[in-house]
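In the working numbering, the protein residues as written are 90 to 458. Even glycine gets a Cβ: it sits at the ideal position worked out from N, Cα and C. These notes are about the structure you will find just below.
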Ligand code: NAD
Ligand code: IPM
Ligand code: MN
């Protein structure tokens, strides 16, 4: 099979720790399933700052653009927290999203059966939960101008961010969400605050227009983002696909993560537009960050990173079978009772990152024997 070009960016904190477990799976696939990946590793975030002085060096952006898919760890940490704003490690991921045009971030929040008791909610409210959040990631308040901390006429500092969405930006991410909804339960909930924000008014109008013109078969519901947070925390199973802008999508996906047991379980995919050549830039990363509070202790849950790799196989390489194999392996390990600290509950066996990763690998071996 043709080489599959993969760029790995472990980043900071627990990023490199959980990425190591994915490397093991990649090596195993090389050996056992004859899939040849052409793996390159690059620097991003604080690690890149230390090595090159930039949180996202040009070489990293170029390597990401050249790769067929990027597997990203996480960036940030206390070591770099006092740096000027334009040197923060977080710019690493923001620049990659922007420069590669990765506008549609898919964040599944799935409650695996063995983890129903690890949820922040009662098991009966979340058992079987399967939500897909589609978050816009190249626009909105994350990038709008003007922004910054300015001094006003009274000599007082004012912090400014600007929420801007054009109708084209809204329409293209809406289409991604509608397409996904069409393959699931044909129900889409679009969130904004059209009651107070002009960008929200436009968001609601454009999503409605795209739906009416192109997706009459998908049932569209508009919901204010604050209400959506409340509904997610009380009756999450009413949702199937949720579409939101950059900021609301970020916040609601962390909330959805708590419903599934832990941030440490959740993968994501961020996709660009399909180019005329057929190529589509894509980056895969866990929803969680660099978890400075547990970094270096060997206790981080590697599942989100491993499941991000499974998403990569499915969406960028069309390797559905291998993706499913990995997902099944993770679920079997959890069903067998192994738990990292973040998903621990009584009667289970607490293990660290490496034991968890090795257990997934052993399951993979069994499943493919
Ligand atoms: P975080 O996601 O790093 O951690 C939040 C909590 O979840 C912590 O208690 C952490 O220990 C726990 N947690 C996260 N991942 C875990 C895992 N795999 N296993 C077990 N527990 C896990 O969020 P934060 O603390 O708000 O941010 C820390 C740093 O990460 C900040 O610098 C932030 O900007 C950055 N961050 C980066 C990304 C990214 O790279 N995509 C995402 C979110 C936050
Ligand atoms: C995420 C993170 C990032 C975001 C930060 C690290 C820039 O929270 O990927 O969810 O806000 O998009
Ligand atoms: Mn986030």
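Checklist entry - Do you know whose CA, among 188, 220, 164, 367, lies nearest residue 405's CA? => result Taking the chain shown and counting its residues from 1, one reaches residue 405 at position 316. Of 188, 220, 164, 367, the residue nearest in Cα terms is 367.
Checklist entry - Going straight from the alpha carbon of residue 207 to that of residue 434, what length do you get? => result If you number the chain shown from 1, residue 207 lands on position 118. If you number the chain shown from 1, residue 434 lands on position 345. The straight-line gap from Cα to Cα measures roughly 7 Å.
Checklist entry - Taking C-alpha atoms, which residue in 97, 113, 104, 138 lies nearest to residue 127? => result Locating residue 127 in the chain shown gives position 38, where the first residue counts as 1. Comparing Cα-Cα distances from residue 127 to each of 97, 113, 104, 138, the minimum goes to 97.
Checklist entry - What are the start and end residues of each continuous alpha helix (DSSP H) run of 4 or more residues lying completely inside the stretch 229 to 279, in chain order? => result 256 to 272
Next on the checklist: Report the start-end ranges of each beta strand (DSSP E) in the stretch 108 to 170 that is 3 residues or longer and not cut off at the edges.
Outcome noted: 126 to 130, 158 to 163
Checklist entry - Nearest-angstrom Cα distance between residue 296 and residue 275? => result Your numbering for residue 296 matches position 207 in the chain shown. Your numbering for residue 275 matches position 186 in the chain shown. Their backbone Cα atoms lie some 15 Å apart in a straight line.
Item to check | Sequence-distant residues of the same chain with beta carbon closer than 8 Å to residue 318, five excluded per side | outcome: Taking the chain shown and counting its residues from 1, the one referred to as residue 318 is at position 229. Excluding positions up to five away in sequence, the list reads 340, 341, 344.
Next on the checklist: Excluding the 5 residues flanking residue 101 on each side, which residues of the same chain have their C-beta closer than 7 Å to its C-beta?
Outcome noted: The residue labelled residue 101 in the question sits at position 12 within the chain shown. If we look at residue 101 and ignore the five residues flanking it on each side, its Cβ neighbours are 134, 135, 136, 163, 164, 165, 166, 178, 379.
Checklist entry - Secondary structure at residue 94, three-state DSSP: helix, strand or coil? => result As a first step, residue 94 must be located in the chain shown, where it is residue number 5. The answer is strand: DSSP assigns residue 94 an E or B state.
Next on the checklist: Does the distance between the C-beta of residue 382 and the nearest non-hydrogen atom of the ligand NAD fall short of 7 Å?
Outcome noted: Residue 382 sits at position 293 when you count from the first residue of the chain shown. Flag set: Cβ of residue 382 near the ligand NAD.
Checklist entry - Given 8 Å as the limit, is there contact between the stretch 146 to 155 and the stretch 434 to 448, that is, 3 or more CB pairs closer than that? => result no
Checklist entry - Any contact of the stretch 184 to 201 with the stretch 233 to 242, i.e. 3+ C-beta pairs under 8 Å? => result no
Item to check | Reduced DSSP secondary structure (H/G/I, E/B, other) of residue 193 | outcome: As a working mapping, residue 193 is identified with position 104 in the chain shown. Looking at residue 193 - three-state DSSP - the assignment turns out to be strand.
Next on the checklist: Restricting to Cα atoms, I'd like to know which of 365, 183, 394, 143 is closest to residue 351.
Outcome noted: In the chain shown, the residue the question calls residue 351 occupies position 262. For the residues 365, 183, 394, 143, the minimum Cα distance to residue 351 belongs to 394.
Item to check | Beta-carbon gap between residue 224 and residue 196 smaller than 8 Å | outcome: Reading the chain shown from its first residue, position 135 is the one you call residue 224. Reading the chain shown from its first residue, position 107 is the one you call residue 196. For residue 224 and residue 196, yes; Cβs fall inside 8 Å.
Item to check | Reference residue 199; option with closest CA among 323, 330, 382 | outcome: Locating residue 199 in the chain shown gives position 110, where the first residue counts as 1. Checking every option, the nearest Cα to that of residue 199 belongs to 330.
Item to check | residue 223, enclosing beta strand (DSSP E) - first and last residue | outcome: Within the chain shown, the letter at position 134 stands for residue 223. Start and end: 219 to 225.
Checklist entry - Looking only at its own chain, which residues have a Cβ that is under 6 Å from the Cβ of residue 256, when we skip the five neighbours before and after it? => result As a first step, residue 256 must be located in the chain shown, where it is residue number 167. Closer than 6 Å at the Cβ level, and outside the excluded window around residue 256, lie 295.
Item to check | Buried or exposed (CB count within 10 angstroms, at least 16 for buried), residue 431 | outcome: Here residue 431 corresponds to residue number 342 of the chain shown, with the count starting at 1. Classification of residue 431: buried, given that the 10 Å Cβ count is 16 or more.
Checklist entry - Hey, which residues come within less than 5 Å of the ligand IPM, measuring from Cβ to any heavy atom, in chain order? => result 179, 339
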